[in-house]
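A.B. asks:
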Amino acid sequence: MTRPFHRVWAVAGLVALLVVPATGNGSLASWTDAEWTTTALATQSFDCGTEEGYAAAASGRQVDGTLLGTPLGAVAEVQGVENRVDSAGAEHFHPVGAHDLDPEDRLAYTRATSLSVGALSGLAAVALPRIDAALPGFATGALGQYAQVTALGTATGATGLVTDRSGIVTIGEYGAATPPAASTISLGETLPVIAGAVSDVGLEIGAVSALSRVDGCALLREAVWGIEATRAVERDYDIAGLQLVLDAPALRELVGVVESTVTALDGSLRGLEGALGSAINGAIGNVLGLNLAPVATLAVQQRGSGVAVTVPDLGAAVAGLLDEAADSEGVVRLELREGRIAVDLTKLLSSGPHGLNDLPPNTELVLDEQVVNALAGRVDAVLQDWVSTVVGALTTAVGGTRVSIDLAPTVMLGILSSPRPIAQVRIGIDADLAALTGEGSALATGIEVDLTGLRGLGPIITGLLGLLLTPLTSALEGLGSVLVSAIAGVLEAPLGIVGTLGTTLTGLTTTLVGAVESVLAPLPSVLSLQVNVQPDVTSPNPPPAGPPSYHPATATATAQYVVTALRVGIVAPAGSPGSLTTLLLGTATAGPVTLSDGG
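Just so you know, the sequence shown maps onto residues -24 to -1, 1 to 575 in mature numbering (1 follows the signal peptide of the UniProt record, and there is no 0).
Written as structure tokens, this is what we have:
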């Protein structure tokens, strides 16, 4: 029977050990001493915790499997640690340089190594965190591999994170230290990446830990006498995180489009002062252009402080939107400047209370067509929401531009060299651009044209000018609406730039989502993910085909109890040379434990 085993043990010694050596001074569990006599095995008693003479084996390995056709078991730098004690009490371990954590103990034999994966740097499909740990201790943050066996019939294998508090621990929600950098596995050779849009796909795997422990004496006693061996086998694992990551240069293009638009917008807004002045002068100039010669002339006298525009910081308005965007559940995260789409598979594929941890043995993370389609839909939704947010932020920022116009031009009519005012125009506007554009514009209320002077010319002058006054009167009567239209046209220009941005971004994101859909479509037939792999357990889920394997129990020995935190399987595309087929991350074994060495 296996049970969750989230526990940290504090010990003394050269470094913090995973377990207290199982001697008379302490063990991983408290066992009631009781002798049982039998002739079925090579001993006549099962005085667990006291009786010696057992053979036991254990191992811990952080990474194993086959990578690009290369068995990782042949790569010395990533080999785990193995330890075995025979029935005569002799220790056998590998590798030769494994550190002895309890050299003075005559019953417990404990060996550990830290993981060094520099040799994997030449294999393009995978990058694992490089560990530099100096003996005799371990560097905090290193990945440790641990194996302890005792002549008393107990065995413990583990691999995981070395902390400054308690040795090798399972991490996850019980973590006590910052995990090292994530491992990465490229899927670019098995999925149809699209240059410029999605250039690579990979898995990012946080630190994983695994632990397996067996009290072989208690199990053998149960096999012979039927006395239940409570907690005789304990297995646990933890996975700090699991992400599907798409390198998407198109995201950086989106950022570039926004930033270039911000620059164009800033220039457009700063040019409003001149543009507004020109528009106002142009509207009045149309009146002055009327031909009244040789009887009269038209001129204008300008008063007022002029035109002023205060431009907000547009870059600040969108700065916080150009780094990351995510959905409300944190499943999809767009790292825009980095050009990456990160999918948290822990949240996407697991409904357990602890994410990928504490799941039943041999749980498969289902990445079927329905899941992949839903994932592409999530990416699309995040992008659409991001476009809407960016356009909305810029629209609000542009709308906050302050426009102040204080002008009082007077139109003068000259008759026989005696100019007189015929129209007084007043433009008094002080409002945000948002209040001056669109429905309910405040422009009209800020513009006034007074024609008192024109209407007071008197019958003599009116008679002298005759039909010449008709177009002048018409032009001056319509001057107010002409000014409103001219000013509104100038103010609408920046908003048009924002609208164009929205159209451009929508087109680019549509193309990107199509690329994501194309890249991810084959994923269900390419990638297999399983957690808490226990090859001896057939219920509730059968073990996966292939590694890891185990040794079943015999008449005189316990089984070998294996747990692998994460098993990654990648199917090579048809016709391609050897590709990564299986990667085992975080494997711990305990057992077999037997009463005879067996050689």
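All residues carry an ideal CB built from backbone N, CA and C; glycine is no exception. Model, not experiment: these values are computed from the prediction.
Keeping to the same chain, check which residues put their C-beta closer than 6 Å to that of Gly253; ignore five residues upstream and five downstream.
C.D. replies: If we look at Gly253 and ignore the five residues flanking it on each side, its Cβ neighbours are Val283.
A.B. asks: Please give me, in chain order, every unbroken run of the alpha helix (DSSP H) with length at least 4 that falls completely inside the stretch 487 to 541.
C.D. replies: For the stretch 487 to 541, whole alpha helix (DSSP H) runs of length 4 or above, ordered along the chain, are 499 to 502.
A.B. asks: Leu274 by DSSP, collapsed to three states: which one?
C.D. replies: Strand.
A.B. asks: Relative to the C-alpha of Gly296, which candidate in Thr365, Gly545, Tyr122 and Leu77 has its C-alpha closest?
C.D. replies: It is Thr365.
A.B. asks: Rounded C-beta distance between Asp62 and Ala31? I'm assuming under 8 Å.
C.D. replies: Right, their Cβ atoms sit about 5 Å apart.
A.B. asks: Kindly identify the DSSP beta-bridge partner or partners of Pro395.
C.D. replies: Answer by DSSP bridge pairing, in chain order: Gly390.
A.B. asks: State the CB to CB distance for the pair Arg313 and Asp299, rounded to an integer number of angstroms; the pair is presumed to be in contact (CB under 8 Å).
C.D. replies: Rounded, the Cβ-Cβ distance is 6 Å, consistent with contact.
A.B. asks: With DSSP as the reference, please indicate the residues paired to Ile463 in a beta bridge.
C.D. replies: The partner list for Ile463 (beta bridge, DSSP) is empty, contrary to what the question assumes.
A.B. asks: Return the residue from the list Leu383, His68 and Gly182 that minimises the CA-CA distance to Val221.
C.D. replies: For Val221, the nearest C-alpha among the options comes from Gly182.
A.B. asks: Rounded to a whole number of angstroms, what is the C-alpha to C-alpha distance between Ser515 and Asn338?
C.D. replies: Each residue's Cα considered, the two are about 9 Å apart.
A.B. asks: Does the stretch 409 to 428 come into contact with the stretch 452 to 459, if we say contact requires no fewer than three beta-carbon pairs (one atom in each stretch) closer than 8 Å?
C.D. replies: Taking 8 Å as the limit for Cβ pairs, the verdict is that the stretch 452 to 459 does touch the stretch 409 to 428.
A.B. asks: Per DSSP, what are the beta-bridge partners of Ile317 in this structure?
C.D. replies: Answer is Leu222 and Leu310, bridged to Ile317.
A.B. asks: What number of angstroms, rounded off, separates the C-alpha of Ser304 from the C-alpha of Pro523?
C.D. replies: If I take the Cα positions, the gap works out to 38 Å.
A.B. asks: Between which two residues does the beta strand (DSSP E) harbouring Thr412 extend?
C.D. replies: A small fix is needed here, since residue 412 is Leu in this sequence, not Thr. First-last for Leu412: Leu409 to Leu412, but that is the alpha helix (DSSP H), not the beta strand (DSSP E).
A.B. asks: Could you check if Val342 is buried or exposed, using at least 16 other CB atoms within 10 Å of its CB as the buried criterion?
C.D. replies: Val342 is exposed by the Cβ-count criterion.
A.B. asks: Leaving out the 5 sequence neighbours to the left and right, which residues in its chain are closer than 7 Å to Val358 when beta-carbon positions are compared?
C.D. replies: Correct list, in chain order: Ala301, Ala302, Asp303, Val308 and Leu310.
A.B. asks: Using only CA atoms, which one of Glu28, Gln277, Thr487 and Asp344 lies nearest to Arg402?
C.D. replies: Nearest option by C-alpha distance: Gln277.
A.B. asks: Following the continuous beta strand (DSSP E) through Asn257, name the residue where it begins and the one where it ends.
C.D. replies: Careful: Asn257 lies outside any beta strand (DSSP E), inside the alpha helix (DSSP H) at Leu248 to Leu264.
A.B. asks: Could you check the C-alpha separation between Cys193 and Thr534 for me, to the nearest Å?
C.D. replies: Taking the straight line from one Cα to the other gives about 9 Å.
A.B. asks: Report buried or exposed for Glu415, applying the criterion of at least 16 other Cβ atoms within 10 angstroms of its Cβ.
C.D. replies: Exposed, since its Cβ has fewer than 16 Cβ neighbours within 10 Å.
A.B. asks: Count the other CB atoms within 10 Å of the CB of Pro568; is the residue buried (16 or more) or exposed (fewer)?
C.D. replies: By the 10 Å Cβ count, Pro568 comes out buried.
A.B. asks: Is it buried or exposed, Arg37, if we count other Cβ atoms within 10 angstroms and call 16 or more buried?
C.D. replies: The residue is buried, with at least 16 neighbouring Cβ atoms inside 10 Å.
A.B. asks: Report the partner residues of Asp191 according to the DSSP bridge assignment.
C.D. replies: Per DSSP, Thr130.
A.B. asks: Let's see if you can read the secondary structure: which residues bound the beta strand (DSSP E) around Gly56?
C.D. replies: Here Gly56 belongs to no beta strand (DSSP E), and DSSP marks it neither H nor E.
A.B. asks: Per DSSP, what kind of secondary structure is Leu48 in: helix, strand or coil?
C.D. replies: Leu48: helix per DSSP, three-state reduction.
A.B. asks: Rounded to the nearest angstrom, what separates Gly164 and Ala464 at their Cα positions?
C.D. replies: So the alpha carbons of these two residues sit roughly 53 Å apart.
A.B. asks: Look at Thr322 and Gly202 and say whether their C-beta atoms are less than 8 Å apart.
C.D. replies: It is not a contact, given that the beta carbons lie outside the stated cut-off.
A.B. asks: Measuring straight from C-alpha to C-alpha, what distance separates Ala199 and Val169?
C.D. replies: Each residue's Cα considered, the two are about 55 Å apart.
A.B. asks: Could you tell me the distance, in whole angstroms, from the CA atom of Thr237 to the CA atom of Ser175?
C.D. replies: Each residue's Cα considered, the two are about 26 Å apart.
A.B. asks: Hey, quick one: how far does the alpha helix (DSSP H) through Val374 stretch, first residue to last?
C.D. replies: Val374 -> alpha helix (DSSP H) spans Glu345 to Gly375.
A.B. asks: Hey, quick one: how far does the beta strand (DSSP E) through Thr565 stretch, first residue to last?
C.D. replies: Segment Thr558 to Thr570, the beta strand (DSSP E) holding Thr565.
A.B. asks: Compare the Cα-Cα distances from residue 580 to each of Pro498, Asp382, Leu496 and Thr485 and report the closest residue.
C.D. replies: What is shown of the chain runs -24 to 575, which leaves residue 580 out entirely.
A.B. asks: Ignore the nearest five residues each way along the sequence and tell me which others in Ser281's own chain have a CB closer than 6 Å to its CB.
C.D. replies: Here the set comprises Asp382.
A.B. asks: So Thr377 and Asp408 are supposed to be a Cβ contact under 8 Å. How far apart are they, rounded?
C.D. replies: With a Cβ gap of about 7 Å, Thr377 and Asp408 count as contacting.
A.B. asks: If you run the structure through DSSP and keep just helix, strand and coil, what is Thr146?
C.D. replies: With a pLDDT of 41 at Thr146, under the threshold of 50, the modelled position of this residue cannot be trusted; read the value that follows with caution. Thr146 falls in the coil class under three-state DSSP.
A.B. asks: Would residue 609 be called buried (16 or more neighbouring beta carbons within 10 Å of its own) or exposed?
C.D. replies: The shown model of the chain, from -24 to 575, leaves out residue 609, and the question about it has no answer.
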